[in-house]
Every structure is written in structure tokens, then in C-alpha cells.
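A short write-up of the structure that comes next.
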Amino acid sequence: MGITEKIIIDTEKIRKEGKNLEGKQVTIRGWVWIKRSSGKIRFLVIRDGKGFIQCVIENPDLFSTFDEISQESTCEVQGLLKEDKRSPLGFEILVQNLKILFKTEDYPITPKEHGIDFLMDHRHLWIRSRKQFAILRIRHSVKNYIREFLHKEGFIEFDSPIFTPSACEGTTTLFEVDYFGEKMYLSQSGQLYQEAGALAFSKVYCFGPTFRAERSKTRRHLIEFWMVEPEVAFATLEDIINIAENMISYTIQKIIENNYYELQLLERNVDNLRKITPPFYRIRYSEAVEILKSKGLEFNFGDDFGSPEESAISESFDKPVVITHYPKNIKPFYMKIDPENQNFVLNMDIIAPEGYGEIVGGSQREDNYEILLQRMKEENIPIQDYQWYLDLRKYGSAIHSGFGLGIERFVAWICKLEHVREAIPFPRMLYRYRP
RNA sequence: UCCAGCGUAGCUCAGGUGGUAGAGCAGGUGCCUGUUAAGCACCGGGUCGCAGGUUCGAGUCCUGCCGCUGGAGCCA
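FYI, the numbering for the first sequence is 553 to 987, going by the working numbering.
Next up, the structure:
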């Protein structure tokens, strides 16, 4: 029997419509993930880019081909699809024909344990592994569901530039690039441009990479990371918190519904994720400080929270915690001062549970020209570079608010990862940027 | 940038008080009709990160350098 008339199928289709295809002859193309043999029966686990499926070989005529095949060899398998509880997918292929399309030798990543240094050096191959495969498919879905949510809410995607002529939060964390002889920087936030967008289109967001030249070496930091930054005209701090809560909850519930296979590959306990529904817990900065003190931590009122403080606060809650009204002097110039207490600003951070730290930072923006100008002067912001930003308060100014959500931290939390580096295909870190 | 830890076979690691290198996996050869990172037997595989020092003798002790990992600050 030759492989001539083929019904080429993929494992995603088998997962979704396996029952209807039971007993049918199918062909899949993919790569050998692992092989096992036991006397007169042989097993081949094939990955086809959509998932993993076990193939069973009982026909002795195929044994020589099976013996020849090695891990990560490219092959085509034809056989009968059948349901079987002993197969991890619930379905398996009883092989009738096996063809090697490319023979791989000495594939470096074996099914046993590897250290992180080795795996990172082989990132281009590591992404084929089961866990990485699941994570990066979830990343894709997270981005999709965020866009889907924002689209339903009436947002338009309004792209901020990557090259920015001036710094907004201090130049020490910016990457300088040469722009035909002029100094330019890689964007570390699209926010200021989103504010221009919000006053033109009312509800906008940008979604893309941002760059921070911070010499951070922790499980929560990347030099290049992706951020979604919605900005809304006529929205107060309260309004923007609601949007953030709904966006996070919507995305997580959609992931549980549609990426259950991937969550299973990751052995993620989804019960904790099911609880993520609005409203989240909301506390003020001052209340967060009380929590820290009640836990016996030493903390000076007025300081910013570091990651030990964030963890201490979030471990008391089973859902994200929204912390609002931080002291003015630890927050940037564009945040609106709390009219009820001039020492605080109308901002919010959202701290994820399970120790994943700050995933969202946002605020109501200063909409008064004079106050904004004053604050920019206080913080030595080069006014001439920001005249366009001040213009937004000069022509049709309006209350507006926005926030930024870090995709890798969000994905790391959903997948319960040890480190954000696995939440992006090719992470850029302090001393690691290859491949 | 600072603090801490690690660097031994292709990979993951073990190698009291200094005496000249070991296991599992991967690879190779066999055996076993239902394996789940299968199992069993046998085989091949080493500049012990680099440079120097102490010593009769260093994987082991000391110094410097390099690389990696985690944490802090900063942040999403």
C-alpha cells in the first residue's frame, strides 16, 4: 500500500474531531519526538506542530524502518485512527505505512533532563519540546484573546513608534541608537503616543515590543518584552481598573476553555485560574503598607514596593490585588495628582497571585496644562521635546486613563513558569541574546 | 552594578580528611505484543572551565580570570 491518495490531517483536528475520524485512514507529517519498543510492538510519538500523537507499529515489515528512524527525523505516517485510553491523547494511529523524509542524527536535546544554560543555547531547538510548545501556543492565544476583548470593547489598535526621539522616564534605562547622526532611543513604553491616540480615537491600544536597558537579572525581567497598552478618553482611574480586570479575566477564562490541551501538557492546576473573575481585591497604598506591618516587615511609608513586598502582599489573596494611590514622589510626572490628597497620585498596579508580581501598571493622566508643565519642570523633563505632549492638554484636553500589561509575566503566571524567559520565543536578557 | 552559588563524558550529576575518573540518560549491539522520559544485558566515550601557586603528588587546597545561575535595586 503506497502513500498516494492521502487525507493529510493534523493532531489538532484529531483532538477536536477524533470521534468522527475513528477508523478512518489518515496521514500525518511531522517529526519523531520519542520512540519506544517492546518486542513485537513499537511506539512512535510524532509531533506535527499542532500536538503530539502516539503511533503504534505492529506490522513486522515496518520494523526495519522504525529501527532506522531517530529522534527529530522528519517522517510521514499513514494508518488507521483509533481511540485508545492507553494513548496520552486518547487517540492513536495504527501504522500501515511509514516513510522517512529526513533522517536526523545526534539531536542534542534528549528526552532526559537538561540544564538551563544548555537549553538556552539551543533555544531554536528547545521550542520543539513539549513544554515550550505548550507555553508558546498559550502566548499566541493570550495575545489573540486580549485583542479580541479590546476589539469587542470598541478599541482600535493604534501603533506607537519604536524609535522615540526622547526619554520619558529617565535615559539610564533606554537603549540609544544612531538615527542618521541623531540620537534616538528604543521605546520603553508606547503610552505617551497612546494618549495622543485616545484624544483622536477615544479608545486605543498598542501592542508590541518594548526595551529596557535595566541591568536586571531576575526571573521576572527581560530586556525586550511585549506590552499591551490601552488608553481611554473620558476614563477615570476607576474605569481603567475595571477594563484591566475584565481584560485579564476574559483572557484567562478563554485560555481555560480553548487551550486546555496545552495547560494539561504543562500540568497546570486550572482551579486557581478559574477563580480569576472580576472584581479583584482593591486596596490603597496606605492599606498595603498596613498589611506589610501586620506581617512584621520593616517598611518606610513613602517608599516603593520591591518584589519581596509585592509577594508579601499578594500571598494573602487568591486573586490579583489592585493597589492604588501611591505617593506622588515615587511615580512619574504624567500621573494625575489625587485631588483629595496632593501627596498621592491616581494610579494603580495589579499584582498577580502565586508570586508573579506586578503585571499591570496604570493611571489616570494629568490633563491640566499648567500642572503637567510644573511637574515636568520639577523632574527636569526636556520641555522642547515634549511640546507635542503638552499640546494634548492645550487642545481639547479631557480626563483620560490607561495602563500597560506585560505579556511575558502574564503568560508566565498562566503557565506557572519559573522564569519569564520561557514565555517568549527568543528572550533577550542581560547577558544572553543568542540565538 | 552589588551579593551568593555553580563549572567533571554529548546531556544530568556523584566524586569524606589531597594518592591519578564514576553512574544514569543519549549513541551502538542483542532480548521482551501495550510502552508512557518503558525495562534488562553488553560496548564505545574525559585537556575535571582557563592560567598560575602550594605539594613528592591537585578534580579536591589557595589566588586571579572567564562563563553560567539565582537574588537585590529598577520595573511590566
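Where a beta carbon is used, it is the ideal one built from N, C-alpha and C, also for glycine.
- Shown here, Asn899 sits in a strand according to DSSP, grouped into three states.
- With three or more CB-CB distances shorter than 8 Å, the region 829–839 counts as touching the region 792–807.
- Between the region 803–814 and the region 691–711, the count of Cβ pairs shorter than 8 Å is three or higher; the stretches touch.
- Using a 10 angstroms sphere on the CB of Thr716, the tally of other CB atoms reaches 16 or more, which defines it as buried.
- Look at Gly858 here: in three-state DSSP terms it is coil, with no helix or strand label.
- Within the region 674–740, the beta strand (DSSP E) runs of at least 3 residues that lie entirely inside it are, in chain order, 728–731 and 734–738.
- Considering only His674, Thr617 and Gly956, the residue with the shortest C-alpha distance to Leu596 is Thr617.
- Contact annotation: Asn895 and Pro879 have beta-carbon atoms nearer than 8 Å.
- Taking Leu641 as the centre and dropping the five residues before and after it, the same chain places the C-beta of Ile605 closer than 6 Å to its C-beta, in chain order.
- For Cys627, the closest alpha carbon among the candidates Asp619, Leu653, Asn649 and Phe615 is that of Leu653.
- Annotation: Val873 is outside any alpha helix (DSSP H); the continuous beta strand (DSSP E) that includes it extends over Val873 to Thr876.
- For the 8 Å CB-CB criterion, Gln746 and Tyr737 do not form a contact.
- When C-alpha distances from Thr656 are compared across Gly706, Val584 and Leu789, the shortest belongs to Val584.
- Tyr659 and Ser622 have their alpha carbons spaced roughly 9 Å apart.
- Annotation: Arg917 to Met887 spans about 5 Å, alpha carbon to alpha carbon.
- Looking at Arg680, Gln577, Lys602 and Trp678, the one whose alpha-carbon comes closest to that of Val629 is Gln577.
- Non-local beta-carbon contacts of His676 in its own chain, meaning distances under 7 Å to residues more than five positions away in sequence, involve Pro987 in chain order.
- Out of Arg682, Pro860, Leu924 and Glu931, the CA that lies nearest to the CA of Trp940 is found in Leu924.
- Taking C-alpha positions only, Ser838 is separated from Phe853 by approximately 8 Å.
- Residue nearest to Ile645 within the set His703, Glu781, Asp562 and Glu624 is Asp562 (criterion: CA-CA distance).
- Between Ile687 and Glu970, the C-beta spacing is not below 8 Å.
- Pairing Phe759 with Leu614, the inter-Cα distance amounts to about 50 Å.
- Of all alpha-carbon atoms in Lys568, Ile566 and Ile580, the one lying nearest the alpha-carbon of Ile559 is that of Ile580.
- Leu844 is the residue among Asp870, His877, Gly848 and Leu844 whose C-alpha sits nearest the C-alpha of Glu862.
- The C-alpha of Pro872 is placed about 11 Å away from the C-alpha of Ile835.
- His952 sits close to Phe786, with the two beta carbons spaced by under 8 Å.
- A straight line joining the alpha-carbon of Glu781 with that of Val647 spans about 49 Å.
- DSSP links Gly582 through a beta bridge to Cys627.
- Leu633 is positioned such that its CB atom lies no closer than 8 Å to that of Leu789.
- For Gln916, the enclosing beta strand (DSSP E) stretches over residues Gly909 to Gln916.
- With contacts defined as CB atoms closer than 8 Å, Gly956 and Gly909 fail to qualify as a contacting pair.
- Secondary structure of Leu573 (DSSP, three-state): helix.
- Residues Phe869, Lys871, Pro872, Val873 and Val874 of the same chain have their beta carbon placed closer than 8 Å to that of Tyr833, with the five preceding and five following residues left out of the count.
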